[in-house]
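The block underneath contains the structure these notes are about, expressed in structure tokens.
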Amino acid sequence: MQQTAQETVREPAESPPATGDTAPAPPPIDEHGVVTAIATVVNLSPQARMLAENLKCVCGCGMRLGRCSCEKDPGGVSMKRHLQSLFDKGLTPDQVRAEMVKAYGTDVLP
Ligand SMILES: [Zn+2]
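So for the sequence shown, my numbering puts the first residue at 3; every next one is plus one.
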């Protein structure tokens with residue numbers, strides 16, 4: 003005498019359909035939170051961006067640092083990288099401004 007299965011095997015048809023609201027994975031970001039693949043665009047913090055608007059670029063363009071994105075050295079990109087690295091160290095805007103003058107001379111002052 004054979005035992006019948008007490009429960010009939012259900013087909014797995016009751017799984018809900020995919021709702022499609024799964025968010026795509028964010029792009030990989032390195033440990034400093036900076037997307038390193040971008041070479042010419044410097045991600046400035048709000049503080050750094052504000053200070054960049056109050057400093058001059060020394061590449062010869064005569065523009066505010068915040069407006070220049072040339073890749074001369076020194077130029078908009080390298081100066082903004084330095085600017086952001088100073089903020090990353092925890093310096094205040096006044097200290098960062100002083101460090102920028104040390105690094106690039108008083109030409110950075112408007
Ligand atoms: Zn410039």
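Positions of the beta carbon are idealized from the N, C-alpha and C atoms, including for glycine. These figures come from a predicted structure and were not determined experimentally.
Any non-hydrogen atom of ligand 1 within 7 Å of residue i CB
i, result
"G78", "yes"
"M65", "yes"
Spatial neighbours of residue i in its chain, beta-carbon cut-off 8 Å, leaving aside the 5 residues before and after
i, result
"G64", "K58"
7 Å Cβ shell around residue i - same chain, five flanking residues per side excluded
i, result
"K82", "V44, L46, A54, L67"
"V98", "L53, L85, L88, F89"
"K74", "C61"
Under 8 Å between C-beta atoms of residue i and residue j
i, j, result
"G92", "V60", "no"
"Q49", "P95", "yes"
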